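Asker:
There are 2 protein chains.
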Amino acid sequence: MRYEDLADLPCSITRPLVVLGDRWTLLILKASFAGVRRFNAFQSALGISRSRLQDRLARLVDHGILARRQADDADHVEYRLTRKGHDIYPILMAIRDWGDTYMAPDGPPAHYRHRDCTGEAHVRLTCDACGTDVTAHDIVPEAGPGLS
Amino acid sequence: MRYEDLADLPCSITRPLVVLGDRWTLLILKASFAGVRRFNAFQSALGISRSRLQDRLARLVDHGILARRQADDADHVEYRLTRKGHDIYPILMAIRDWGDTYMAPDGPPAHYRHRDCTGEAHVRLTCDACGTDVTAHDIVPEAGPGLS
DNA sequence: CTCGCGCGGTTCCAAAACGAGACCGGCATC
DNA sequence: GATGCCGGTCTCGTTTTGGAACCGCGCGAG
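Line order of the protein sequences matches chains A and B.
Under the numbering used here, think of the first position of the first sequence as 1, with each following residue one higher.
Under the numbering used here, think of the first position of the second sequence as 1001, with each following residue one higher.
Below is the structure:
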């Protein structure tokens, strides 16, 4: 089984990981959320090689996560998050919560503040019926309609 | 700048990704949450090569995400999630929510049900002060104590 | 007009990561 | 004492990656 064939498995964790799960893709998206839009800006922000950046961006565009277009002033290219790309934000925030907890000995390098509010954003795993917070122990997987 | 040096950046998204962000690591952890504990079981569940599995497991053990030990019946080795590893679950659930939304045309392959409850678990990004759900647009990063 | 420059993008090659499969020592069973 | 399963290692050929040079385009300055 080749690695890309994992995308055929009926699993909503595996399938995204085939696209997002490599050294650079999520870092590129993190930069996108930070406002980076231009090829050269991605490259200098991340230190990724140009050839790698090129095919990662192309793959994200292929999957409809980023959109490539000429900027309004028409003198350069922009890569912007689509709706689908925008919805990746909770993944990055979940990573960040874990990173703040376990890989930030001097405290969080950044606060992610709620605009016009004193609070910070955090990821919670909740039950959509009873509304309580749950952890891995409280969850039982069960077959769903998309199971082949 | 070598790739591993990204772990020195003061960013709680980048630092975890240096450990978790490759083809296999999150898939290994997904299997761990599904109850897989033995070397050969990981290998046949994922289709990863033995050598790769070996150094991924070693790295996860190094980082305190998995713990390696002889099983109680002492006839084989077990890799089990530590507390630190257990706390990665919201990351996988955030990936799954996105996968269910965008990569599951036939509906979710699995429901992740709250034990003894009719509900399903989902990730939410909320403000810890006002309690409302927030999205990327509502968030403003701000320097924190861990910033070098 | 031409020169230089910044832009996104491509090509090339060496180095690193990876996959497949043979192999190993330990242990238990027959 | 042969067999089989276990976690783990070794070797080797393939794939992926990084680094740097190179390219065509549009632009603004001289």
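Quick reminder that beta carbons are idealized off the backbone N, C-alpha and C, glycines included.
What you are looking at is a predicted structure, and each value in this text was computed from that prediction instead of being measured.
Among the residues of its own chain, which have a CB less than 6 Å from the CB of residue 133 of chain A, if the five just before and after it don't count?
Answerer: The answer, listed in chain order, is 124 and 126.
Asker: Taking the C-alpha atoms as reference points, what is the distance between residue 87 of chain A and residue 1073 of chain B?
Answerer: Answer to the nearest angstrom: the Cα atoms are 45 Å apart.
Asker: With a floor of 3 residues, list each beta strand (DSSP E) that falls wholly inside the segment 30–86 of chain A, ordered by position along the chain.
Answerer: Listed in chain order, they are 66–70 and 77–81.
Asker: Using C-beta distances below 8 Å, list every residue in its chain close to residue 147 of chain A, excluding the 5 sequence neighbours before and after it, in chain order.
Answerer: For residue 147 of chain A, where only same-chain residues beyond five positions count, the Cβ hits under 8 Å are 10.
Asker: Looking at the C-beta of residue 39 of chain A, does it have a partner C-beta in chain B at a distance below 8 Å?
Answerer: Chain B contact via Cβ: absent.
Asker: Would you mind sorting residue 1111 of chain B into buried or exposed? The rule is 16 or more other CB atoms within 10 Å of its CB.
Answerer: That one is buried.
Asker: Considering residue 94 of chain A, what are the terminal residues of the beta strand (DSSP E) in which it resides?
Answerer: Per DSSP, residue 94 of chain A belongs to no beta strand (DSSP E); it is in the alpha helix (DSSP H), 89–102.
Asker: Counting pairs of Cβ atoms below 8 Å between the segment 23–31 of chain A and the segment 43–50 of chain A, do you hit three or more?
Answerer: Yes, since at least three Cβ pairs between the segment 23–31 of chain A and the segment 43–50 of chain A fall closer than 8 Å, the two stretches touch.
Asker: Determine which residues share a DSSP beta bridge with residue 140 of chain A and list them.
Answerer: In the DSSP output, where bridge partners are listed per residue, residue 140 of chain A has B:1113.
Asker: Under 8 Å, Cβ to Cβ, is there at least one residue of chain B near residue 62 of chain A?
Answerer: Judged by the 8 Å Cβ criterion, residue 62 of chain A is not in contact with chain B.
Asker: With DSSP run on the structure shown, which of helix, strand or coil describes residue 1125 of chain B?
Answerer: Residue 1125 of chain B falls in the strand class under three-state DSSP.
Asker: Whose C-beta lies closer than 8 Å to the C-beta of residue 1084 of chain B among residues of the same chain, with five residues either side of it excluded?
Answerer: 1063, 1064 and 1065, listed in sequence order.
Asker: Identify the contact partners of residue 96 of chain A in chain B, using a Cβ-Cβ distance below 9 Å as the criterion.
Answerer: Correct list: 1011, 1012, 1013 and 1016.
Asker: Buried or exposed for residue 99 of chain A, please, with buried defined as at least 16 other CB atoms from any protein chain shown within 10 angstroms of its CB.
Answerer: Classification for residue 99 of chain A: buried.
Asker: Below 8 Å on the Cβ atoms is my guess for residue 1144 of chain B versus residue 90 of chain A; work out the distance and round it to an integer in Å.
Answerer: Actually they are not in contact, since the Cβ atoms of residue 1144 of chain B and residue 90 of chain A sit about 20 Å apart, beyond 8 Å.
Asker: Mapping DSSP to helix, strand and coil, what is residue 133 of chain A?
Answerer: Strand, per DSSP.
Asker: Roughly how many angstroms separate the alpha carbons of residue 1077 of chain B and residue 1059 of chain B, rounded to a whole number?
Answerer: About 16 Å.
Asker: So that I know if they touch, is there some Cβ in chain A lying closer than 8 Å to that of residue 1080 of chain B?
Answerer: False, the Cβ-Cβ gap to chain A never drops below 8 Å.
Asker: How about residue 122 of chain A and residue 1097 of chain B: do their beta carbons lie closer than 8 Å?
Answerer: No, the pair does not count as a contact, with Cβ atoms beyond the cut-off.
Asker: Under 7 Å Cβ-Cβ, which residues of chain B neighbour residue 134 of chain A?
Answerer: Correct list: 1114 and 1121.
Asker: Taking only beta-carbon positions, decide if residue 1139 of chain B is within less than 8 Å of chain A.
Answerer: Taking Cβ atoms only, chain A reaches closer than 8 Å to residue 1139 of chain B, which makes this a yes.
Asker: Assign residue 3 of chain A to buried or exposed, taking buried as 16 or more other Cβ atoms, counted over all protein chains shown, within 10 Å of its Cβ.
Answerer: Answer is exposed; the Cβ neighbour count stays below 16.
Asker: Find the residues of chain A that neighbour residue 1033 of chain B, judging by a C-beta separation of less than 7 Å, and give them in chain order.
Answerer: Those are 136, listed as they occur along chain A.
Asker: Which chain A residues sit within Cβ distance under 7 Å of residue 1142 of chain B?
Answerer: Ordered by position in chain A, the residues that pass the 7 Å Cβ test against residue 1142 of chain B are 110, 111 and 113.
Asker: Roughly how many angstroms lie between the CA atoms of residue 1031 of chain B and residue 104 of chain A, to the nearest whole one?
Answerer: Whole-angstrom Cα-Cα distance: 26 Å.
Asker: When the Cα atoms are used, what is the spatial distance from residue 1052 of chain B to residue 53 of chain A?
Answerer: C-alpha separation (whole angstroms): 25 Å.
Asker: On the criterion of 16 or more Cβ atoms from any shown chain inside 10 Å, does residue 50 of chain A qualify as buried, or is it exposed?
Answerer: Classification for residue 50 of chain A: exposed.
Asker: Can you tell me whether residue 1142 of chain B is buried or exposed, with buried defined as 16 or more other CB within 10 angstroms of its CB?
Answerer: So residue 1142 of chain B ends up on the exposed side.
Asker: Suppose contacts are defined by Cβ-Cβ distances below 8 Å. Is residue 21 of chain A in contact with residue 1115 of chain B by that definition?
Answerer: Taking 8 Å as the Cβ cut-off, residue 21 of chain A and residue 1115 of chain B do not qualify as a contacting pair.
Asker: Beta carbons nearer than 9 Å to chain B: which residues of the segment 20–31 of chain A have them?
Answerer: Listed by position, the residues of the segment 20–31 of chain A near chain B (Cβ gap below 9 Å) are 20, 21, 22, 23, 24, 25, 26, 27 and 30.
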